[in-house]
Amino acid sequence: MDDSTDGFLAQSKIWNRDIEKKTIEVMGKRAYGFDKSSDLNTFSMDTPPPYASGRPWHLGAVAQYSQIDAIARSSRMFGNQVLFPVGIDRNGIPVERYTEKKYNISMRSTDREKFLGMCRTALDDLEKEMLALLDTIGYSADFSRLYRTDSDDYRAFTQATFIQQWNAKNIYKGTRPSNYCVGCGTTIADAEIEYSDLSSKLTYIRFKLKGSDKTITIATTRPELLGACAAIMVNPNDDRHKEMIGKKAIVPIYDLEVEIIPHESAKPEFGSGAVMICSYGDYNDVLLFRDLSLKERILVDTFGKMNENAGNEILGLKVKDARSKIVSMLEESGLVEKSEDVSHRTPICERSKTPIEIIPMEEYFLKTVDDKERLMEIAKNIEFIPYQHRQILINWINVASDWPISRRRFYGTEIPIWYCDKCSEPYVPPPGKYYKPWKEAPPSSATCSSCGGKSFRGDDRTFDTWMDSSVSALYVSGYGRDEELFKKTYPITVRTQGVDIIRTWMYYSIVRCSQLSGNAPWKKAWVGGMGLDEHGVKMSKSKGNVVDPSPLMDRYGVDAFRFWAASEASIGSNFSYSESKLAGSQKFLTKLLNLSKLIHALGKPVHDIGYDDLMPADKWIMGEFSALVKDAVSGYKELNFFIPSNRIRNFVWSVFAPHYAEMVKARAYGNGFSDKQKNAAVYTLNHVLDGVLLLTAPICPFITEALWSESHGTGESVHSKTFPALGRSEERYMLGDALVKFNSMVWAEKKDKGMSLRDSISIAIPDELKEMSDDLRAMHNIK
RNA sequence: GGGCCCAUGGUCUAGCGGUUAUGACGUUUCCUUCACAUGGAAAAGGCCGGGAGUUCGAAUCUCCCUGGGCCCACCA
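This is how it looks when you write it as structure tokens:
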């Protein structure tokens, strides 16, 4: 029987990346597919398809993926058939921006077809790196069914789900003031906006009152929108302006008459207490225009320049230039009362960091507001791990508005709509194929439902990239394509993701999947915390504090990294990167390696050992081990790796190695004990070690595989096993405290007397430990 | 303004009503044949942010305060 592992473990005293690589060489790689005809219980997962955006993949993300992998692995060890998909998200603005930067080109001045090709090349490179990294960390997903959100197949799926929702009237076309990013040249959703405190000037401008010498002073940060002013509001309780309510003011330069109206949202203490309402300076303006039925006048075009409504003086100027021009015009006329520097919380695009403009755009919207109650119900029925994070979703469901899904961009799934040349009625094709309306004709059967026309022009827009990823749960479970698989795997057992994309990926997934399938996409949602830098600050590219995990894994080993990720913080909490703790994890694995070497050196266990053949010390550790199994397994059941990782480390490092292994070493060597007694020790050591390896396998797949193969041969993998059953535990395991206390006492005594730990000593063994006397005498060399 | 989370030895962290508060890193001292010096052993170091309350009993529950972090809304 030569199934040894070439002894590659014996040569090493520490656990590191090199041995991990050797382990893969010796043991090979396992494939983890999903067998839909299996009788095992199904455990299905909906995992985040990582976005190929060109960033170095940051440590927090890799830590999260290693935990997601541990979920899959532990679930297999519970005896489930696990659907563990892997995909790469490749659509949308980030890759377009990456491509523009890489080739120093601009998307809109590049041929669309050519630009798409460049994006694809860039993506292929990025994808390679990401897959290599997933492979490095031992990600045990089904790579044979790797999906890409920009494949013809996936895009056809995205389009098919859109068409289904279109036919169900969940989607409508509407023109409404939208968040428009001048930098990206497209409408974006509320979820894509972030805020930044930018310095700005608050300009106080005098308006004349109609038919009077009096003036009213308004304060604004957007003087260039003067020509869009439709009303002035003042607080009804503001004595300074009370008598002006109902009067008309004249907008300077533009000579427009606007009414002065009372409104609670005008704060007397801010600025001059009088506000001009324009289309559209901010979101509040949008609400006021709607509530007061004001007539909008749009001054900014989609290039961020002033249009003809703004008047000849500033026509064609960029917003910022128009602003200074208007201010100087007003100054010349003596209408600027004063100007203050203010810090203004400005909405900006999360991709391009450009301040957004609010411009009415015709876009497609997916209805979510009408669905609020049902979404809330679903949110309440999904089990959140940890439960606190559900609140973030609920808060967002409450405030979210309908989702604008169309983007004026190139690299994304095309909106499958054509418009009748005659009457402009939209034509939506049947689902099932991948449509590219910007360059292809509609199906030959296409006929305008309104006028019977046969000639069409295609919509040239794409979808928001969340339209693709929001149906990942349906895609991986075979919705609409594989009924058998779908029945088995949907709703998905668990969605895994980070807390940072609850408003986007989680929210949109619930909206889309539930509207399409009629029920919640998942039973559980596992929400991991964010990776922070060593100072507890969120890692981000702009702050330059992103930690690259690859060199760390090379230095300390992947298993050390995975163990660190599992043991660093309880589920859902943010975790700070700490190199010293990573090093600490490596030390633990080194401990486990060396302990295992000792046990293997003592020989193979004799299998016909029964519980009654064990000596008291053996029964004691069996009891301790049983308690470990119980705790670790319950942690795995909760998908919380903090519990098993810490519990295992504590057991191995503080109980099993220093107390039990030290105590029975002499017996296991056979020094002064009978064969039967020796065998009991060898058996127990092996039994507990095997159990520890099984319990550690989901978190540290490499070291457990290597050590397992040392005693079981390379023919069988630890990753094909199930968790150990609860062992027998007698009251005896309560002796642990007494034992630890006694050992410490002996060690301290020897130290006090300047003795070596091996020197013999005369010391009384306490009554409660009398039954372990033989082992203790051998351990401490007690006379 | 609304919501969520956090505050425990030098640093990070466990703790979910009950005897001398967990562990890691760091620090000090001692110990190298026989698994491991990236090791072992011993030790120092905390009135569990402040205040009030509930309780026989609070790091743990409630309220207030202070100081952090995050999310949402609003900011002309």
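The numbering used here numbers the first residue of the first sequence as 597 and each following residue consecutively. Glycine included, every Cβ here is placed at the ideal spot set by N, Cα and C. Predicted model only: the values in this text are computed from it and were never measured.
- Restricted to the segment 808-880, not a single alpha helix (DSSP H) segment is unbroken, complete and at least 4 residues in length.
- The shortest CA-to-CA distance from Asp1055 to any of Ile846, Pro1022 and Asp937 is the one to Pro1022.
- Within the model, the alpha-carbon separation for Ala752 versus Ile801 is close to 55 Å.
- Asp738 is a Cβ neighbour of Phe680, given a cutoff of 8 Å.
- The criterion of a C-beta distance shorter than 8 Å is satisfied by Cys945 and Gly779.
- Inter-residue distance for Lys1083 and Lys1119 is about 14 Å (C-alpha atoms, whole angstroms).
- By the C-beta criterion, the segment 1144-1160 is judged to be in contact with the segment 1180-1191, since at least 3 inter-stretch pairs fall below 8 Å.
- DSSP, reduced to helix, strand and coil, places Ile801 within a strand of the structure shown.
- The three-state secondary structure of His654, taken from DSSP, is coil.
- In the DSSP assignment, His940 falls within the beta strand (DSSP E) that extends over Val932 to Cys945.
- Using a Cβ distance threshold of 8 Å, Ile684 and Glu621 do not count as a contacting pair.
- The three-state secondary structure of Val1090, taken from DSSP, is strand.
- Contact check for Ser939 and Asp793: beta-carbon distance about 5 Å, within the 8 Å limit, so the pair qualifies.
- Nearest in C-alpha terms to Pro819, of all of Thr782, Ser875, Tyr791 and Trp1062, is Ser875.
- Apart from the 5 residues on each side of it in sequence, Ser1066 sits with its Cβ closer than 8 Å to the Cβ of Trp1101, Tyr1104, Ser1105, Val1107, Arg1108 and Cys1109 in its chain, given in chain order.
- Beta-bridge pairing by DSSP links Lys1120 to Glu979 and Val1090.
- Under DSSP, the beta-bridge partners assigned to Arg1003 are Thr1058.
- A contact between stretches requires three or more CB pairs, one per stretch, nearer than 8 Å, and the segment 1083-1097 meets this requirement with the segment 1110-1130.
- Comparing C-alpha distances from Met972 to each of Ile1244, Phe899, Ile993 and Cys1296 shows the shortest one belongs to Ile993.
- In this structure the segment 643-650 does not touch the segment 1042-1057; the number of beta carbon pairs closer than 8 Å is below three.
- Excluding the 5 residues flanking it on each side, Pro1087 has same chain C-beta neighbours closer than 7 Å at Asn1115, Ala1116, Pro1117, Trp1118 and Lys1119, in chain order.
- Looking at Asn1141, Leu719 and Glu1367, the one whose alpha-carbon comes closest to that of Trp1216 is Glu1367.
- Val678: not part of any alpha helix (DSSP H); member of the beta strand (DSSP E) spanning Gln677 to Leu679, first to last residue.
- The three-state reading of DSSP puts Leu1303 in helix, counting H, G and I together.
- Per DSSP, the continuous alpha helix (DSSP H) segment holding Gly713 begins and ends at Arg708 to Thr732.
- The Cβ atoms of Phe1252 and Leu1291 do not sit closer than 8 Å to each other.
- Rounded to whole angstroms, Glu788 and Val995 show a C-alpha spacing of 15 Å.
- Taking C-beta separations shorter than 6 Å and ignoring five residues to either side along the sequence, the partners of Thr757 in its chain run Val1067 and Leu1112, following chain order.
- Apart from sequence neighbours up to five positions away, the residues of its chain that approach Leu913 with a beta-carbon distance below 7 Å are Lys901, Met902 and Lys921, ordered along the chain.
- Beta-bridge annotation (DSSP): Asp793 is paired with Arg941.
- Counting along the chain, no beta strand (DSSP E) covers Trp1034, and no H or E run does either.
- Exposed is the label assigned to Gln984, since fewer than 16 other Cβ atoms lie within 10 Å of its Cβ.
- Looking at the backbone, the Cα of Pro1362 and that of Glu1258 are separated by about 19 Å.
- Counting C-beta atoms within 10 angstroms of its own C-beta, Val658 has 16 or more neighbours from the protein chains shown and is therefore classed as buried.
- Taking all protein chains in view, the Cβ of His1376 is crowded by 16 or more other Cβ atoms within 10 Å, so the residue is classified as buried.
- Beta bridge pairing from DSSP links Trp1249 with no other residue.
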